[in-house]
Amino acid sequence: MSDVPESIATTVDIVQPVVESSGSIWGYVVGGVAALVVLGFLGYKKLNKPAFIINQMRKRNMKEIKKMGAENSEAALDLDRLLGSVQAYAEEKGMKGTEVVKILAPMNDKKRIKTARDMYHSMVYIATEVNDAALVREFKNKAKQVKASSALMAGLFKRAGI
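If you're matching positions, the sequence shown starts at 27 in this note's numbering and goes up one per residue.
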């Protein structure tokens, strides 16, 4: 007599043809990889839109501004208006998200931005790039009037790593 029970021996006889007829697993692997590539491409196309980039910047900035308790400050409203203007310009011109990031790059330049006045000057530069004359005029006036020791601006500089 064998040490293997009768039910196991018959199970092997039944399962062996099923396993051999199922074929190779490589089709499933290739199909899974192709699905991941397609999903990655579609995700990139969705994430590379100006509206998505601007909304992410607004969320990040508002989070920092709320930490300081200055949600209704003038600087926060100015930044929001600038981002709205950039978004409208980018959508009008059919730009991609990477191009919007290049437009907003002067706000992240640690070498140029040392004070709140410098921050407003970079906002003037961005508003000039998007051809918004009203914002340019307003930001130039505020750059002359801004206090360099503003708590909000100090927090924004801290977030930017300055």
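We put the CB at the ideal spot given by N, CA and C, even for glycine.
**OP:** Give the straight-line distance between the Cα atoms of A174 and N167, rounded to the nearest whole angstrom.
**Re:** Only weak support is given to the placement of A174: the predicted model assigns it a pLDDT of 48, under 50, and the question is left unresolved by the model.
Original post:
Are L108 and A60 close, meaning C-beta to C-beta below 9 Å?
Top reply: no
Original post:
Would the region 85-95 and the region 123-143 be scored as touching if the rule is three or more Cβ pairs under 8 Å?
Top reply: no
Original post:
Should L105 go down as buried or exposed, given a rule of 16 or more other Cβ atoms within 10 Å for buried?
Top reply: buried
Subject >> Sequence-distant residues of its chain with Cβ nearer than 7 Å to G69 (five each side left out) >> reply: none
Subject >> Whole alpha helix (DSSP H) elements within the region 64-96, 4-residue minimum >> reply: 76-94
**OP:** Could I get the ranges of all uninterrupted alpha helix (DSSP H) runs contained in the region 100-132, with 4 residues as the minimum, in chain order?
**Re:** 100-119 and 123-129
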